[in-house]
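Visitor: Numbers 19 to 397, taken from our numbering, label the letters of the sequence shown in order.
Where a beta carbon is used, it is the ideal one built from N, C-alpha and C, also for glycine.
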Amino acid sequence: MISKHTTEILILGGGIAGCIAAIALSDTYKVTLVDKLEHPIDKVGESLAPATQRIFNVLGLSLKDLEYDNIYLDNLGMQSYWGSEQVQIVDHLRNPDGLSKSVDRKKLACYLRRKAEEKGISCFWGFRLYSNSYLEKTWEVTCKNDDKKNRKTIVFSTNFVIDATGRNAHFAKSIGIKRTTHDALISCWITLPNTDKNTMSSIISDEFGWWYSAVIPNKKRVISYQTDADIFDKSTFKNYHSFCKLLETNSTIRKYVHNKENQIEFHGVVSANSTKLNLASGKQWIALGDAALSFDPLSSQGMFNAMANAMQVSELLRKFNIAKSYNSEKMEKFSNIYTSQIESIWEHYIKHKNLFYSAESRWKKATFWNRRQQKAILS
Ligand SMILES: Cc1cc2nc3c(=O)[nH]c(=O)nc-3n(C[C@H](O)[C@H](O)[C@H](O)COP(=O)(O)OP(=O)(O)OC[C@H]3O[C@@H](n4cnc5c(N)ncnc54)[C@H](O)[C@@H]3O)c2cc1C
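So, in structure tokens, the structure goes:
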């Protein structure tokens with residue numbers, strides 16, 4: 019079955035960046051939102067920066083929405099064992115935007131999708147980008163569902179495409195845009211029940227990478243280990259048993275798991291490297307959020323950046339109005355401004371990333387740390 023759909027702005031990817039952009043643009047444009055997932059799934063990365071509240075306020079959103087209770091917990095701060103055995107505490111108590119939040123990623127995604135639907139945005143869940151072509155100032159984008167027995171195809175005809183498909187940037191990739199990777203960081207994660215009264219997050223470095231743990235809603239805890247893809251044998255991250263052997267090597271992390279071994283949910287490995295799309299904007303398209311820039315989880319800024327980036331794009335699109343009537347001169351100006359915004363975010367990010375990694379100097383010769391310190395020297 020093939021159907022056709024015409025829209026002014028097509029947003030591919032209904033994650034955080036896609037939903038926020040759709041909600042921000044929906045008062046001005048006919049917006050369509052497409053995501054390959056029928057329903058959001060569990061995701062690692064719970065820490066939502068305090069400044070997110072400013073964006074939520076502008077868009078009339080509230081995490082406190084009763085219907086989605088248990089979407090977040092207040093997070094008092096972070097205890098880190100980084101650079102020395104001595105614990106350092108960074109709290110958010112004096113932050114004018116309030117405390118950071120530990121969110122349930124699946125529920126947050128459901129909440130944002132629901133808000134987009136309530137705004138009257140046309141949403142197509144369970145459809146993935148299949149192909150596209152550009153003809154006479156219009157993109158024709160074909161998306162298909164995954165159900166082979168009941169295959170549905172939608173051809174979207176649109177003035178403007180926003181690629182918000184995450185770090186794989188499927189649309190940009192399909193038109194030949196390459197991505198520069200800065201490192202090979204991966205993250206292996208588990209969740210388990212939490213019984214600890216201390217709800218601060220923890221970050222602990224070791225010779226081969228670093229551990230992270232945080233309490234998340236529904237009395238759960240997430241634990242992840244970050245290292246480079248080539249440092250351990252792949253079998254270390256194959257299943258819960260092999261991962262637990264690594265976990266046993268860290269006394270602080272081991273305590274969180276004690277007596278809960280049978281209740282661990284093993285989620286496996288995800289890419290967590292710093293990457294940048296070589297071109298974030300082209301003829302009647304842009305890349306947004308992780309599709310444009312993906313950050314090391316050490317920054318805890320990915321979600322906020324995706325939202326802030328979506329707000330910047332919405333403002334620029336309204337200013338240049340290229341999604342209603344295309345004009346090559348305006349498009350060029352738009353692209354230049356957007357590209358310089360992205361470059362500036364990346365520059366700041368790399369500077370901070372290098373500073374954080376340089377602060378750990380106990381294993382200077384170890385591959386994981388040596389690579390990062392060399393990068394810091396060269397930049
Ligand atoms: C280990 C780890 C820990 C992290 N921790 C944190 C943290 O604590 N705090 C924080 O702020 N950030 C964190 N992040 C980063 C954060 O998860 C991302 O920055 C954020 O999810 C980016 O949002 P996005 O909408 O750009 O992309 P995504 O969340 O990746 O959303 C992309 C969407 O596009 C859809 N999609 C993909 N391909 C297609 C396709 N072909 N067609 C249609 N739809 C498609 C996907 O289903 C998905 O819904 C972490 C990341 C990692 C890897």
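For aspartate 246, write down the residues that DSSP places opposite it in a beta bridge.
Guide: Paired residues: Leu203.
Visitor: Tell me, please, whether the stretch 143 to 156 touches the stretch 47 to 59 by the rule of three or more beta-carbon pairs shorter than 8 Å.
Guide: Yes, the stretch 143 to 156 touches the stretch 47 to 59.
Visitor: Quick check on DSSP: helix, strand or coil for leucine 297?
Guide: Reduced to three states, the DSSP call for leucine 297 is coil.
Visitor: Determine the closest residue to phenylalanine 284 out of Gln330, Thr209, Asn268, Lys252, with distance taken between C-alpha atoms.
Guide: Closest option to phenylalanine 284, Cα to Cα, is Thr209.
Visitor: In whole angstroms, what separates the C-alpha of leucine 79 from that of phenylalanine 352?
Guide: Going by the C-alpha atoms only, they are around 28 Å apart.
Visitor: On the three-state DSSP scale, how would you describe leucine 311?
Guide: Residue state, collapsed to three classes: strand.
Visitor: Return yes when at least one heavy atom of ligand 1 lies under 7 Å from the C-beta of serine 149, else no.
Guide: Every heavy atom of ligand 1 is 7 Å or more from the Cβ of serine 149, so no.
Visitor: Tell me where the beta strand (DSSP E) around glycine 227 begins and ends.
Guide: Its beta strand (DSSP E) spans residues 227 to 234.
Visitor: State the beta-bridge partners of glycine 286 as determined by DSSP.
Guide: Partner(s): Trp207.
Visitor: Leaving aside the five residues before and after glutamine 319 along the sequence, list all residues of the same chain whose C-beta is less than 8 Å from its C-beta, in chain order.
Guide: If we look at glutamine 319 and ignore the five residues flanking it on each side, its Cβ neighbours are Ala67, Phe313, Tyr367.
Visitor: Who are the Cβ neighbours of leucine 43 in its own chain at under 7 Å, not counting the five residues just before and after it?
Guide: Here the set comprises Ile27, Val49, Ser332, Leu335.
Visitor: Please determine whether the Cβ atom of serine 44 lies at a distance below 7 Å from any heavy atom of ligand 1.
Guide: Outside the cutoff, so no.
Visitor: Can you list, in chain order, the residues of its chain with a C-beta nearer than 8 Å to that of glutamine 281? Leave out the 5 residues immediately preceding and following it.
Guide: So the list reads Leu210, Pro211, once near-sequence residues are dropped.
Visitor: Kindly list the residues whose CB is nearer than 6 Å to the CB of histidine 188, restricted to its own chain and excluding five residues on each side of it in sequence; keep chain order.
Guide: The answer, listed in chain order, is Leu147.
Visitor: Quick check: the stretch 91 to 99 against the stretch 212 to 219, are at least 3 beta-carbon pairs closer than 8 Å?
Guide: Yes, they touch.
Visitor: Kindly indicate which three-state DSSP category lysine 162 falls into: helix, strand or coil?
Guide: Lysine 162 falls in the strand class under three-state DSSP.
Visitor: List the endpoints of the continuous beta strand (DSSP E) containing threonine 50.
Guide: First-last of the beta strand (DSSP E) with threonine 50: 49 to 53.
Visitor: Which residues in the same chain as threonine 270 place their Cβ atom closer than 6 Å to its Cβ, once the five residues preceding and following it in sequence are excluded?
Guide: Taken in chain order, the residues that qualify are Ile222.
Visitor: On the CB-based measure, 16 or more other CB atoms within 10 Å of its CB, does glycine 116 come out buried or exposed?
Guide: Exposed is the call here.
Visitor: Does ligand 1 have even one heavy atom less than 7 Å from the beta-carbon of histidine 188?
Guide: Checking every heavy atom of ligand 1 against the Cβ of histidine 188, one is found closer than 7 Å.
Visitor: Whole angstroms is fine: what's the gap from asparagine 177's alpha carbon to glutamate 64's?
Guide: The straight-line gap from Cα to Cα measures roughly 35 Å.
Visitor: With threonine 25 as the anchor, note down where its beta strand (DSSP E) starts and where it stops.
Guide: It spans 20 to 30 - the beta strand (DSSP E) in which threonine 25 sits, taken as one unbroken run.
Visitor: For ligand 1, I want to know if serine 242 counts as a neighbour, meaning its beta carbon is within less than 7 Å of at least one of the ligand's heavy atoms.
Guide: Answer for serine 242: yes, Cβ within range of ligand 1.
Visitor: Let me know if aspartate 308 comes out buried or exposed under the rule of 16 or more other beta-carbons within 10 Å of its beta-carbon.
Guide: Buried.
Visitor: To the nearest angstrom, report how far apart lysine 82 and glutamate 347 are at their CA atoms.
Guide: Each residue's alpha carbon lies about 43 Å from the other.
Visitor: Helix, strand or coil, according to DSSP, for alanine 326 in the structure here?
Guide: Residue state, collapsed to three classes: helix.
Visitor: Kindly indicate the opening and closing residues of the alpha helix (DSSP H) around threonine 176.
Guide: Where threonine 176 is concerned, there is no enclosing alpha helix (DSSP H), although the beta strand (DSSP E) it sits in stretches over 171 to 181.
Visitor: If you drop the 5 nearest sequence neighbours on each side, which residues of the same chain put their C-beta closer than 6 Å to that of glutamate 225?
Guide: For glutamate 225, where only same-chain residues beyond five positions count, the Cβ hits under 6 Å are Trp381, Ala384.
Visitor: Go ahead and pull the three-state DSSP assignment for arginine 389.
Guide: Correct three-state label for arginine 389: helix.
Visitor: Quick one: what's leucine 111 bridged to in DSSP?
Guide: DSSP, once it has assigned bridges, lists no residue as partnering leucine 111.
Visitor: Closer than 7 Å: is that where the CB of glutamine 330 sits relative to any heavy atom of ligand 1?
Guide: No, the beta carbon of glutamine 330 sits no closer than 7 Å to any heavy atom of ligand 1.
Visitor: Since serine 149 is in the beta strand (DSSP E), which residue starts that stretch and which ends it?
Guide: Start and end: 145 to 153.
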